[in-house]
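Q: All the letters of the sequence shown, read from the start, carry residue numbers 1 to 655 under full-length UniProt numbering.
Even for Gly, the Cβ is constructed at its ideal location relative to N, Cα and C.
Everything numeric in this text was worked out from a predicted model, so none of it was measured.
Shown below is the structure under consideration.
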Amino acid sequence: MSEQDTELETHLNEQEVFEPPQSFVDQANVSDPSIYEAFEENWPACWENAAGMLDWFEGYNQVLDESNPPFYEWFTGGKLNASYNCLDRHLDDRGDDVAIEWIGELGETRRYTYLDLHKEVNEFAAALRGLGVEEDDVVTLYMPMVPELPIAMLACARIGAPHSVVFAGFSADALATRMNSADSEYLVTCDGYYRRGEIIEHKEKTDEGVSGVDQNVTSIVVDRLGDEYDHSVQERDHDYDALIRNHTGAEVDPVARGSEDMLFLMYTSGTTGEPKGVQHSTGGYLSWAAWTSHAVLDIKPEDTYWCSADIGWITGHSYIVYGPLALGTTSVMYEGTPDYPEKDRLWEIVDTYDVNQLYTAPTAIRAFMKWGEQYPNEHDLSSLRLLGTVGEPINPRAWKWYYKHIGDESCPVVDTWWQTETGGMMVTTLPGVRDMKPGSAGPPLPGVDAQVVDESGEEVQSQGAGYLTVQQPWPGMLQTLYNNDERYIEEYWAEYSDDQDKWVYFPEDGAKIDNDDYLTVLGRVDDVVNVSGHRLGTMEIESAVVGVEGVAEAAVVGGHHEVKGEAVYTYVITEDGQTDNEALRERIITAVEDAIGPIARPEQVIFTPELPKTRSGKIMRRLLEDIANGDELGDTSTLRNPEVVNDIKVNASDD
Ligand code: WT7
1 MSEQDTELET HLNEQEVFEP PQSFVDQANV SDPSIYEAFE ENWPACWENA
51 AGMLDWFEGY NQVLDESNPP FYEWFTGGKL NASYNCLDRH LDDRGDDVAI
101 EWIGELGETR RYTYLDLHKE VNEFAAALRG LGVEEDDVVT LYMPMVPELP
151 IAMLACARIG APHSVVFAGF SADALATRMN SADSEYLVTC DGYYRRGEII
201 EHKEKTDEGV SGVDQNVTSI VVDRLGDEYD HSVQERDHDY DALIRNHTGA
251 EVDPVARGSE DMLFLMYTSG TTGEPKGVQH STGGYLSWAA WTSHAVLDIK
301 PEDTYWCSAD IGWITGHSYI VYGPLALGTT SVMYEGTPDY PEKDRLWEIV
351 DTYDVNQLYT APTAIRAFMK WGEQYPNEHD LSSLRLLGTV GEPINPRAWK
401 WYYKHIGDES CPVVDTWWQT ETGGMMVTTL PGVRDMKPGS AGPPLPGVDA
451 QVVDESGEEV QSQGAGYLTV QQPWPGMLQT LYNNDERYIE EYWAEYSDDQ
501 DKWVYFPEDG AKIDNDDYLT VLGRVDDVVN VSGHRLGTME IESAVVGVEG
551 VAEAAVVGGH HEVKGEAVYT YVITEDGQTD NEALRERIIT AVEDAIGPIA
601 RPEQVIFTPE LPKTRSGKIM RRLLEDIANG DELGDTSTLR NPEVVNDIKV
651 NASDD
């Protein structure tokens, strides 16, 4: 490193506030600082700005109906169609512009213009109808990152059938649980896909999952691997390509959906073992995805924008598919991993396609840092105008590395806090307006009333830590948990809504408030671990572990991990009291992979004679986290069995 570089590095390391570059501000979609005040003064009418990003078949007559909280309704009386907004309305002006730029892991590419995408979505919508799918039927999409996934989503939206995308990395059991919970009779799946050059079979896993589904299933299979792979075929299966051929040129009128009609379900992990079916609306959700894509990601139709998430998670729904396509931009979709064939894969793509915005996750940035700056340095990244991150807190060191080595100190970085339930971004800087502070997500977006409160729900003043809450509804919010209004209230609104006059949303995150309105999100305060930005319920993992023969009791916690952020630590009491059993360890790991998927694979399985418990018999998870992290142990005075922590520590370090 040259002397000048060292100086710059030191300067960068000390700097805590970064101004957005003037060149960015000059062209930003939102650059007027008065937006915060204007939205506050004009709340909730300010959200007409979001609804105004869309085309409505019938105008709404009320922005927000608060008559039955916390079941808030947005843009009531309005009618629209998400597929129309993402496709049809762009055809006249930019039908020949690229909508989806797909890049396969092995280097093959597929390019869909808006016209191409419109055509195939119509054909597939007709095919779904032909197979019997009706408005409001839930269609499950269990697919990897192939173009047919967004096509299927938009085809469902076109006919008013809510989709429920299940991440392809999830297990057969996870698929069955979600299909049963949603009463879903239709499934779109895939024969397989590539990971680091290897074939990952998917169809067999699908079949295994479907065998656990209570209702009869009709399925459609996308052929990703071609002649390379002969997948199993069941009576219920239809071939995607054959269906498209049979419906060539078909046109399906986009169904006029009520603003509050469901657009999709997305299952996510919570405190209990059962995944939660987060239900999103059409009008509010799509307005939110479009408006935040415009205001925060600064997307313009002529941009080439890339979000490197998987569509199997909410990030991909809102910021690969719905937001970017509603704005008529080019959305890049990459099938594979960032280190295949080489560790410069992302930078090669940015360089080749002249990507303007890159939205990725802190876990990826930490991996890039570890691999070294030589990989980005091999490429011309000067097309980049904005960088974003999402999924977990980003430490200032990783933030600055991203800012310098990817953004060349000339791109604003937006650290966006949000959740599956919020539908889109909630807390982040507006890149053309506010300064950036590495490590802090930023102020709440204009019109979003996020506050940090203490245990009793009182607002925490400057520089205090507490719990993040949202004190007013917002258009992208979940409508409810599917078929479970009670759990919706219990999970999100019970904690801080003391009386019926004031409903407060609790996202189950801890947060700190700076000396201004900037928020630093500290992480989950419930039994959820965040592995590489993926949300996993410790209770779901525990129930898989205790199901293994030979296991008497188990506790699962998250421990720090250099790249993944958190990793899964499993503490196990065996039935025969043994604390060293390699075969059992293997069976436990397999059971977790079978129940959830390889992402939940335990980092460590620690056998222990006992678990630390309070006098009332509750497992003290905090202590287990301390042990996993090798930290100083917290208060052990309330333990019924204080001596146990030493035993566990010995077993953990043996591992
Ligand atoms: C949880 C939500 C939002 C899409 C991806 C994850 C954590 C998310 C940030 C951030 C700190 C963050 C929170 C949140 N989280 N973004 N910028 N800073 N923490 O969606 O699976 O619903 O998980 O991810 O803990 O509650 P999700």
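Quick one: residues in its chain with C-beta nearer than 8 Å to the C-beta of V448, no 5 flanking neighbours on either side, listed in chain order?
A: M426, V427, V470, Q472 and W474
Q: Can you tell me the Cβ-Cβ gap for G273 and E108, rounded? I've got them flagged as a contact below 8 Å.
A: So it is not a contact: roughly 40 Å between Cβ atoms.
Q: Within 10 angstroms of the Cβ of D655, are there 16 or more other Cβ atoms? Answer buried if so, exposed if not.
A: Its pLDDT being 48, under 50, D655 is placed unreliably by the model, and nothing is read from it.
Q: Hey, out of M369, G226, V165 and L430, whose CA is closest to S318's CA?
A: Comparing alpha-carbon positions, the option among M369, G226, V165 and L430 lying closest to S318 turns out to be V165.
Q: Closer than 7 Å from C-beta to any heavy atom of ligand 1: which residues, in chain order?
A: T268, W313, I314, T315, T389, V390, G391, E392, P393, I394, D415, T416, W417, W418, Q419, T420, E421, A441, P507, E508, D509, V521, G523, R524, N530, G533, H534 and R535
Q: Please list the terminal residues of the continuous beta strand (DSSP E) segment that includes V165.
A: Looking at the DSSP string, the run of the beta strand (DSSP E) that includes V165 is H163 to V165.
Q: By the 10 Å Cβ neighbour count, where 16 or more other Cβ atoms means buried, how is R110 classified, buried or exposed?
A: Classification for R110: exposed.
Q: Return the first residue and the last residue of the beta strand (DSSP E) that H534 is part of.
A: H534 to G537
Q: Count the other CB atoms within 10 Å of the CB of H646; is the residue buried (16 or more) or exposed (fewer)?
A: According to the sequence shown, residue 646 is Asn rather than His. Exposed is the call here.
Q: Below 8 Å, can you find three or more Cβ-Cβ pairs linking the stretch 374–388 to the stretch 241–259?
A: Contact between the stretch 374–388 and the stretch 241–259 is absent, because fewer than three Cβ pairs lie under 8 Å.
Q: Hey, is the stretch 88–107 in contact with the stretch 73–80, meaning 3+ C-beta pairs nearer than 8 Å?
A: Result no; under three Cβ-Cβ pairs closer than 8 Å.
Q: By how many angstroms is the C-alpha of P438 removed from the C-alpha of E48?
A: Cα to Cα, the separation comes out at about 32 Å.
Q: Which residues mark the beginning and the end of the alpha helix (DSSP H) in which P323 is found?
A: The identity of residue 323 in the sequence shown is Gly, whereas the question assumes Pro. G323 -> alpha helix (DSSP H) spans G323 to A326.
Q: Could you check which residue in L611, G630 and R621 has the C-alpha nearest to that of E643?
A: L611
Q: Return helix, strand or coil for residue 656, following the three-state DSSP convention.
A: Missing from the structure shown is residue 656; the chain here goes from 1 to 655 and no further.
Q: In whole angstroms, give me the CA-to-CA distance for M1 and E19.
A: For M1, the predicted model reports a pLDDT of 42, less than 50, meaning its position is unreliable and no value from the coordinates is stated.
Q: Exposed or buried, what is N85 when buried is set at 16 or more other beta-carbons lying within 10 Å of its beta-carbon?
A: Buried: at least 16 other Cβ atoms inside 10 Å.
Q: Mind listing, in chain order, the continuous alpha helix (DSSP H) runs of no fewer than 4 residues lying wholly within the stretch 184–254?
A: 203–210 and 240–246
Q: So, with DSSP's three-state summary, where would you put T579?
A: Per DSSP, reduced to three states, the secondary structure at T579 is coil, with no helix or strand assignment.
Q: Using 10 angstroms around the beta-carbon of G316, count the other beta-carbons present and answer buried if the total reaches 16, otherwise exposed.
A: buried
Q: Rounded to the nearest angstrom, what separates D298 and Q461 at their Cα positions?
A: 32 Å
Q: Only counting the same chain, and skipping five residues up and downstream in sequence, which positions put a Cβ closer than 7 Å to that of Y488?
A: T480 and L481
Q: Roughly how many whole angstroms lie between the Cα atoms of R345 and R196?
A: 12 Å
Q: With DSSP collapsed to three states, give me the class of F264.
A: Strand, per DSSP.
Q: Are the beta-carbon atoms of I199 and E228 separated by less than 8 Å?
A: yes
Q: Pop quiz: residue 658 and H379 are said to be a contact at Cβ under 8 Å. What is the actual Cβ separation, rounded to whole angstroms?
A: Here the chain has residues from 1 to 655 only, and residue 658 is not among them.
Q: Determine the contact status of V568 and L624, defining contact as a CB-CB distance below 8 Å.
A: Not a contact, by the Cβ cut-off of 8 Å.
Q: Do you know how far the Cα of I103 is from the Cα of W306?
A: Straight across, the Cα-Cα distance linking W306 with I103 is about 11 Å.
Q: Excluding sequence positions up to five away, which residues of its chain have a Cβ less than 7 Å from the Cβ of Y240?
A: E148, I220, V221, V222 and D223
Q: Need the endpoints of the alpha helix (DSSP H) that A398 sits in, please.
A: P396 to W401
Q: Tell me, which residues are paired with T389 by DSSP?
A: T360 and D415
Q: Name the two residues that bound the continuous alpha helix (DSSP H) containing Y492.
A: Taken as a continuous stretch (DSSP letters only), the alpha helix (DSSP H) holding Y492 covers D485 to Y492.
Q: Tell me, which residues are paired with Q604 by DSSP?
A: Answer is Y569.
Q: In terms of residues, what are the limits of the beta strand (DSSP E) holding E73?
A: E73 to T76
Q: Have a look at F167, K343, S171 and E134 and flag the residue whose alpha-carbon is nearest the alpha-carbon of A155.
A: E134
Q: Report the residue ranges of all alpha helix (DSSP H) runs contained in full by the stretch 62–143; include only those spanning at least 4 residues, in chain order.
A: Segments of the alpha helix (DSSP H) lying fully in the stretch 62–143: 82–86, 91–94 and 114–130.
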